[in-house]
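In our numbering, the protein residues as written are 3 to 473.
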């Protein structure tokens with residue numbers, strides 16, 4: 003499915019004063035790079051709110067500004083074919099990368115401006131992961147080294163406790179918490195370890211699963227009062243506003259804006275469940291028995307199945323051609339649920355991608371991904387982690403592989419860098435290595451299907467020396 007045309011870039015006033023070259027980079031960041039980074043926010047009502055937060059940070063935080071100008075240069079380079087221009091852009095990238103890292107070092111040395119350094123470091127991790135190539139060759143500490151600074155800053159600012167009580171936090175703080183949580187949870191799955199703030203996510207998930215006693219009953223009474231009020235002449239605008247407000251409260255996965263769902267599309271509760279999977283893999287690596295592991299996998303699998311039944315599957319494009327943000331988010335959440343179930347299967351002893359359970363899940367995932375709008379203005383980049391988990395276990399006969407290549411082709415130049423370029427690089431290498439292993443096994447022995455060799459995508463990345471985020 004092709005995405006609807008991207009919305010026109012907003013008219014930004016009160017621009018930051020820079021020289022001509024950097025002003026061009028800033029314009030490119032705001033008008034071209036930023037909309038591709040936060041596609042979900044661009045499609046929803048939080049667009050102007052998020053943009054305002056980023057613009058405020060650009061004006062007040064010089065390290066954040068250098069980070070974003072460097073990101074703009076990398077994004078510009080990926081869409082430039084001239085070697086002469088590329089050399090000039092490389093200079094801009096190095097200049098702003100140096101200024102960004104210097105800003106980090108100076109602030110950390112002085113132990114000051116914690117909030118500003120937090121937002122700059124998160125921006126650096128997140129934005130670079132979205133726009134950089136896997137082989138760009140620029141010297142920079144790895145994302146997980148930067149994230150250790152984030153963990154330290156979050157603890158100093160006591161922000162991890164705000165996840166459980168977000169009503170006390172500012173919108174800017176909530177935005178930073180959401181970025182941190184997204185990187186922490188999916189970054190943990192990239193590393194095979196528990197998230198840094200897994201206990202916080204567990205508390206948050208418990209609060210989503212157990213709303214305040216009596217609140218639901220109270221709200222039901224409110225709903226029953228709506229129809230008499232409508233019949234008594236309540237105007238349509240007020241009625242719609244009340245219905246929308248009640249819907250927000252009834253859906254416990256909606257965190258105060260902007261939450262994980264609003265940021266990247268996947269339901270908050272599902273992300274917290276993925277945190278539990280990362281914890282489970284960590285426990286497995288520490289020696290958890292196969293019996294206990296199997297029990298945990300079974301419980302989590304059933305939880306995801308329940309969530310999938312609640313969501314259903316609907317096309318995010320309505321009959322009139324407009325995009326439905328809620329249905330888009332539901333589709334993305336459904337894709338994450340299936341990918342998480344695949345992740346769980348991989349944890350089980352004796353796993354092999356050719357097992358029927360796995361091949362069926364990959365086909366189911368492919369069918370769901372077909373519903374997500376594609377192309378440069380689409381949302382494939384929001385489900386890169388999903389593509390990684392599903393694609394890494396797809397066999398040559400799977401429809402997934404041809405589908406993935408088709409989606410890459412639809413992205414055009416956007417597939418030459420950033421998240422999708424890194425994803426494609428990893429998947430292609432995983433397929434080469436596993437297909438070669440399968441050929442050797444098939445030609446030479448009577449090895450059972452369950453015993454056939456399989457190389458995990460994480461092992462492939464380690465062997466190639468790749469240490470980057472795919473989310």
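Here a beta-carbon is modelled for each residue, glycine too, at the ideal position from N, C-alpha and C. Every value quoted in this text rests on a predicted model; they were computed, and no experiment measured them.
Proximal residues to residue i (C-beta, below 7 angstroms), its chain only, five neighbours per side dropped
| i | result |
| --- | --- |
| residue 414 | 378 |
| residue 439 | 455 and 457 |
| residue 255 | Legend: pLDDT at residue 255 = 42, less than 50; position of this residue unreliable, no value from coordinates given. |
| residue 35 | 73, 74, 77 and 133 |
| residue 88 | 79 and 82 |
| residue 214 | With a pLDDT of 43 at residue 214, under the threshold of 50, the modelled position of that residue is not reliable, and the figure given next carries that caveat. Correct list: empty, nothing qualifies. |
| residue 287 | 194 |
| residue 460 | 194 |
Pair within 8 angstroms by beta-carbon distance, residue i and residue j
| i | j | result |
| --- | --- | --- |
| residue 361 | residue 315 | no |
| residue 162 | residue 123 | no |
| residue 119 | residue 155 | yes |
| residue 384 | residue 41 | yes |
| residue 99 | residue 142 | yes |
| residue 356 | residue 397 | yes |
| residue 306 | residue 364 | no |
| residue 28 | residue 71 | yes |
| residue 302 | residue 174 | no |
| residue 375 | residue 319 | yes |
| residue 60 | residue 116 | no |
Cβ neighbour criterion (16 or more within 10 Å) applied to residue i
| i | result |
| --- | --- |
| residue 130 | buried |
| residue 126 | buried |
| residue 84 | exposed |
| residue 416 | buried |
| residue 406 | buried |
| residue 465 | exposed |
| residue 91 | buried |
| residue 408 | exposed |
| residue 259 | Bear in mind that a pLDDT of 41 at residue 259, under 50, signals an unreliable position, so the model cannot answer this. |
| residue 178 | buried |
CB-CB length for residue i against residue j, believed under 8 angstroms
| i | j | result |
| --- | --- | --- |
| residue 387 | residue 428 | That pair is no contact at about 11 angstroms. |
| residue 488 | residue 95 | There is no way to answer for residue 488, as the model of the chain reaches only from 3 to 473. |
| residue 462 | residue 423 | At roughly 16 angstroms, the Cβ-Cβ gap does not stay under 8 angstroms, so residue 462 and residue 423 are not in contact. |
| residue 45 | residue 325 | 6 angstroms |
| residue 43 | residue 285 | Not a contact, Cβ separation roughly 35 angstroms. |
Own chain residues within Cβ distance below 8 angstroms of residue i, not counting five before or after
| i | result |
| --- | --- |
| residue 262 | 180, 183, 184, 268, 269, 270 and 273 |
| residue 220 | Here the model assigns residue 220 a pLDDT of 41, short of 50, so the residue's position is not dependable and the matter cannot be decided. |
| residue 216 | For residue 216, the pLDDT reaches just 45, beneath the cut-off of 50, and the residue's location in the model is therefore unreliable, although a value from the coordinates is still provided. No residues qualify anywhere along the chain. |
| residue 102 | 65, 68, 69, 72, 122 and 126 |
| residue 189 | 145, 146, 149, 197, 471 and 473 |
| residue 367 | 337, 340, 341, 344, 388, 392 and 402 |
Own chain residues within Cβ distance below 6 angstroms of residue i, not counting five before or after
| i | result |
| --- | --- |
| residue 436 | 457 |
| residue 200 | 277 and 281 |
| residue 373 | 317 and 333 |
| residue 420 | 132 and 133 |
| residue 21 | none |
Any chain D beta carbon closer than 8 angstroms to residue i
| i | result |
| --- | --- |
| residue 307 | Of the protein chains in the structure, only one exists, and it is not chain D. |
The segment 302-317 touching the segment 332-340, judged by at least three CB pairs closer than 8 angstroms: Counting Cβ pairs under 8 angstroms, three or more are found: they touch.
Whether or not the segment 62-72 and the segment 109-124 are in contact is what I'm after, with contact meaning three or more pairs of Cβ atoms, one per stretch, closer than 8 angstroms; do they touch? Contact check between the segment 109-124 and the segment 62-72: three or more CB pairs, one atom from each, fall below 8 angstroms, which counts as touching.
Does the structure place the segment 186-196 close enough to the segment 135-155 that three or more beta carbon pairs sit under 8 angstroms? Contact between the segment 135-155 and the segment 186-196 is present, because at least three Cβ pairs lie under 8 angstroms.
Is there contact between the segment 347-364 and the segment 317-337, where contact requires at least three CB pairs shorter than 8 angstroms? These segments do not touch.
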